[in-house]
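Chemist: Questions regarding the structure given below will be posed in turn.
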Amino acid sequence: MDACSESDARAQAGEAIASITEDAGVNLRDCYQCGKCSGGCPVAAGADLTPRQVIRELQLGRVDRVLGARMPWLCVDCGVCLARCPQSVDLPSLMEAICRYEVDHGCAAVREGPKFMDIFLDNLQRKGVSDEVNLAARYNIETGHLFQDVGGLPRMVGAGLIMSGGAHKLEDPSDVTRMVARLRAAPGQGGAGDREQQGNGGGR
Ligand code: SF4
Ligand code: SF4
Numbered sequence: 002m003d004a005c006s007e008s009d010a011r012a013q014a015g016e017a018i019a020s021i022t023e024d025a026g027v028n029l030r031d032c033y034q035c036g037k038c039s040g041g042c043p044v045a046a047g048a049d050l051t052p053r054q055v056i057r058e059l060q061l062g063r064v065d066r067v068l069g070a071r072m073p074w075l076c077v078d079c080g081v082c083l084a085r086c087p088q089s090v091d092l093p094s095l096m097e098a099i100c101r102y103e104v105d106h107g108c109a110a111v112r113e114g115p116k117f118m119d120i121f122l123d124n125l126q127r128k129g130v131s132d133e134v135n136l137a138a139r140y141n142i143e144t145g146h147l148f149q150d151v152g153g154l155p156r157m158v159g160a161g162l163i164m165s166g167g168a169h170k171l172e173d174p175s176d177v178t179r180m181v182a183r184l185r186a187a188p189g190q191g192g193a194g195d196r197e198q199q200g201n202g203g204g205r
């Protein structure tokens with residue numbers, strides 16, 4: 002890589018990091034790498050980067066390592082990291098902002114993430130409640146993971162952990178329908194607004 006393309010790449014990385022941190026409301030300098038966030042994170046052990054490492058890579062300008070990682074998509078937004086952080090670094094928001102950035106730029110590290118969200122919102126918009134049976138069936142078919150989680154199905158149904166939208170249907174879902182429709186049309190939600198923006202060269 003020559004000096005010019007190196008400086009272009011650095012500038013692009015800087016722009017991406019600024020966009021993500023501004024969206025999340027996080028100042029990377031607040032983090033002094035104590036690792037308390039990672040110590041409490043319930044998904045860090047199974048992820049490719051710990052929450053502390055996500056911040057570190059961004060501090061070092063290595064956004065490519067973060068945008069290719071599964072950690073932001075595995076984050077369950079539990080807030081343990083934020084509660085433990087002595088500097089109140091809002092890592093849950095940062096993880097969300099990274100996922101949003103990836104969706105906006107068509108580079109989601111976990112391709113199935115946006116698909117899951119799309120089907121979830123589609124159900125919510127049509128019925129006013131989440132239909133887990135429909136969600137699981139459509140997700141498996143549309144992602145090609147036909148038998149994913151099928152083994153645990155009898156146990157989950159037996160324990161009442163899976164609800165069909167028919168079981169808890171809202172009498173009048175119109176308020177939820179309108180709310181979800183607005184959300185999906187808004188930029189940054191991976192919905193129609195984003196696809197329109199990308200089609201107009203708004204993918205940046
Ligand atoms: S707990 Fe806070 S200060 Fe410590 S590494 Fe995590 S984000 Fe940084
Ligand atoms: S909010 Fe996300 S990053 Fe923070 S502890 Fe929970 S799963 Fe881990």
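Heads up, the sequence shown is in my numbering, so the first residue is 2 and it goes up one at a time. Here a beta-carbon is modelled for each residue, glycine too, at the ideal position from N, C-alpha and C.
Taking the CB atoms as reference points, tell me whether D91 and A138 lie closer together than 8 Å.
Modeler: Not closer than 8 Å, so no.
Chemist: Assign Y102 to one of three DSSP states: helix, strand, or coil.
Modeler: Three-state result, Y102: helix.
Chemist: Taking 7 Å as the cut-off, is the CB of G26 close to at least one heavy atom of ligand 1?
Modeler: Flag unset: Cβ of G26 not near ligand 1.
Chemist: Measuring only from the beta carbon, is L50 closer than 7 Å to any heavy atom that is part of ligand 1?
Modeler: The answer is no for L50.
Chemist: Please state the DSSP three-state secondary structure of E58.
Modeler: Of the three classes helix, strand and coil, the one that applies to E58 here is helix, per DSSP.
Chemist: From V177 to M118, what does the alpha carbon distance come to, in whole angstroms?
Modeler: Roughly 16 Å separates the two Cα atoms.
Chemist: Does N28 pass the burial test, meaning 16 or more other C-beta atoms within 10 Å, or should it be called exposed?
Modeler: Exposed is the call here.
Chemist: Going residue by residue through the segment 124–182, where are the continuous alpha helix (DSSP H) segments of at least 4 residues, counting only ones entirely within it?
Modeler: Entirely contained in the segment 124–182, the alpha helix (DSSP H) runs reaching 4 residues are, in chain order, 133–144 and 154–159.
Chemist: Within the present structure, is the beta-carbon of G41 separated from the nearest heavy atom of ligand 2 by less than 7 Å?
Modeler: Under cutoff, so the answer is yes.
Chemist: Would G129 and P174 be called neighbours here (beta carbons separated by less than 8 Å)?
Modeler: Yes. Within cutoff.
Chemist: Considering only C-alpha positions, which residue in the set S94, K116 and R30 is nearest to C76?
Modeler: Taking only the C-alpha atoms, the option nearest C76 is S94.
Chemist: Closest to R71 by C-alpha separation, out of R179, L184, E16 and E113, would be which residue?
Modeler: It is E113 whose Cα lies nearest to the Cα of R71.
Chemist: Between which residues of its own chain and Q1 is the CB-CB distance below 7 Å, once the five residues before and five after are set aside?
Modeler: Residue 1 is absent from the model: the chain starts at 2 and stops at 205.
Chemist: Please classify V67: does DSSP put it in a helix, a strand, or coil?
Modeler: Three-state result, V67: helix.
Chemist: On a CA-only basis, which of A17, R11 and A12 is nearest C100? Give me that one, please.
Modeler: Checked all of A17, R11 and A12; the closest Cα to C100 is A17.
Chemist: In terms of residues, what are the limits of the alpha helix (DSSP H) holding L50?
Modeler: Taken as a continuous stretch (DSSP letters only), L50 belongs to no alpha helix (DSSP H), as it is neither H nor E.
Chemist: What is the rounded straight-line gap between the Cα of L184 and the Cα of D65?
Modeler: Distance between the alpha carbons of L184 and D65: 28 Å.
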